[in-house]
Each structure stands twice: as C-alpha cells, then as structure tokens.
Amino acid sequence: TQSPAPSTPGGGIGFFVPFIFIFIIMYFVMIRPQKKRQEQQQKLVTSLKTGDRVITNAGIHGLISNVKDTTVIVKVADNVKIEMEKSAISNVLKPETAK
674 TQSPAPSTPG GGIGFFVPFI FIFIIMYFVM IRPQKKRQEQ QQKLVTSLKT GDRVITNAGI
734 HGLISNVKDT TVIVKVADNV KIEMEKSAIS NVLKPETAK
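This is the structure in structure tokens:
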C-alpha cells in the first residue's frame, strides 16, 4: 500500500519560464530590428522627391522625375523612364555620393 507521490504546486508555471525567456530573446534579436528597418523604409518612402538620385531593390540607379501617391517615375537613361512602387526604392543617394 503505497501512497501517491505528493504533487508539486506551481510546476506548470516553471515549465513555461524557459519559453517566455526564449520569446523575449527572439523579440530583441529578430522582431525589434525588423520593426526599426520598416520604420526607416517608411521614412525613406515618404521623403522621396523629384530630383533624388535613387537605387532600387533590383540595383537600378536612376533619377526620380515624378512622384505619385504610391509610385515614382525613375529616369534610368535618356528617354527611358520606369514607373515603380515607392517601396522598391532601397536607397537615396546623397549629392556627394551620386557623383
């Protein structure tokens, strides 16, 4: 006649502590930097203006000739203009970088 082993109270919470710790680490390593990059991209998109020298996500260099609500017209060569989404712009070149 053996008596059942006493149960340990609060054992369920102790099981979740490592998972909570891992989630917190993942937040600071992965999620937070991604949010910062999204904010920087949004700031870049809203600051686009005619005359800016830009580089697209595809690596195309050009000059913005027109800005619309969600798109821009980028001049890439004489008589060659491409309409693309503002979100496709990856970088705006500073005047000293563009030369």
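Numbering-wise, the sequence shown is residues 674 to 772 according to my numbering.
In this text, a Cβ means the ideal position worked out from N, Cα and C, and glycines have one as well.
This structure is a prediction, so every number in the text was calculated from the model and none was measured.
- Here Ile733 is not near Val745, since their CB atoms are 8 Å or more apart.
- Considering only Leu736, Asp742, Ser763, Phe692, the residue with the shortest C-alpha distance to Asp751 is Leu736.
- With fewer than 16 other CB atoms across the displayed protein chains lying within 10 angstroms of its CB, Ile698 is exposed.
- For Pro768, the closest alpha carbon among the candidates Val740, Asp725, Ser760, Ile704 is that of Asp725.
- For Lys754, the uninterrupted beta strand (DSSP E) segment begins and ends at 753-758.
- As a beta-bridge residue in DSSP terms, Gly735 pairs with Val727.
- Per DSSP, Thr719 is not a residue of any beta strand (DSSP E); the alpha helix (DSSP H) it occupies stretches across 705-719.
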